[in-house]
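Here's the structure, in structure tokens; my notes come after.
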């Protein structure tokens, strides 16, 4: 057990078997249907979204630690569902912010310029130092066409910083993406802010898919401004007008105090109040197709 103020941290390593996992279906990932959106949860905040010939990756982290060091720092208790080498050709990578569990130096260098990296303001220099120049910066509400997708950076409620002296030097963001008639929103990390999320829903919604964080919320006295809990995530889902949402940002890194399997349990309870939409979690490695933008499982 670890301690955070008066909060006792759960032992993630000892309880990692409570996170459901399954082998990724590489055949389905490499051969997605062209006219049906398909999503694969690779782990934590990393999701592969495939539609209309585009492969879009969110906050890819394939390293074993969410840390500036390979030998110390929060270590994964569940592996990514596949390796970087097993990914299809990635067209777009969405980066929400620069915390180590969302922006991973080794992953950035491995993917490199073969993908277009969409980032909030003040990231291009960091990427260039690592040899990556295919980077487009966005301010909040900026809108651009990228690789056939319309992409908009939206506000969220979070912060940035990778060291002791760089807090708030770079922007954070969530992302709204439209490819043909399919629209999704990726939240990255965020606290709950009704004004922000209802405005996103009003201006850009409804969304066929929400990728919404549900973990990293305890203890509340410290985390509530930065990370939604599952109940707030359900309200966020309503605010943006999501028809189907996947709960992400749980089950990988021992970053906060809640038990590793508490986020999906609380989400199931909170989502019972939804009548005309769905908000679920599913195993690391699972692929889901949104037939008619209604989710249909395709993994074995």
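Numbering (the UniProt record's numbering), first residue to last: 1 to 300. From the three backbone atoms N, C-alpha and C, an ideal C-beta is built for every residue, glycine too.
Check, Outcome
"List the whole-angstrom C-beta distance separating residue 96 from residue 173, where the pair is believed to meet the contact cut-off of C-beta under 8 angstroms.", "6 angstroms"
"Do the region 147-156 and the region 63-74 touch if we need at least three Cβ pairs shorter than 8 angstroms?", "no"
"Report the residue from 102, 85, 86 whose alpha carbon sits nearest the alpha carbon of residue 93.", "102"
"With a threshold of 6 angstroms on Cβ separation, who are the neighbours of residue 229 within its own chain once the five nearest residues in sequence on each side are excluded?", "217"
"Unbroken alpha helix (DSSP H) runs of length 4 or more, entirely within the region 19-62: which are they?", "26-30"
"Run through the region 192-255 for me and flag every whole alpha helix (DSSP H) of 4 or more residues, listed as ranges in chain order.", "194-204, 220-223, 230-240"
"Going by C-alpha distance, which of 24, 38, 27, 20 is nearest residue 179?", "38"
"Please list the segments of the alpha helix (DSSP H) lying wholly inside the region 98-159, counting only runs of 4 or more residues, in order along the chain.", "105-111, 124-128"
"Ignoring anything shorter than 4 residues, give me the alpha helix (DSSP H) runs that lie fully in the region 260-295, in order along the chain.", "262-271"
"So, for residue 231: in the same chain, excluding its five sequence neighbours on each side, which residues have a beta-carbon less than 6 angstroms away from its beta-carbon?", "270"
"Since residue 183 is in the beta strand (DSSP E), which residue starts that stretch and which ends it?", "182-186"
"Buried or exposed: where does residue 158 fall if 16 or more other Cβ atoms within 10 Å of its Cβ makes it buried?", "buried"
"Quick one: what's residue 65 bridged to in DSSP?", "75"
"Exposed or buried, residue 100, counting other C-beta atoms within 10 Å across all chains shown (16 or more means buried)?", "buried"
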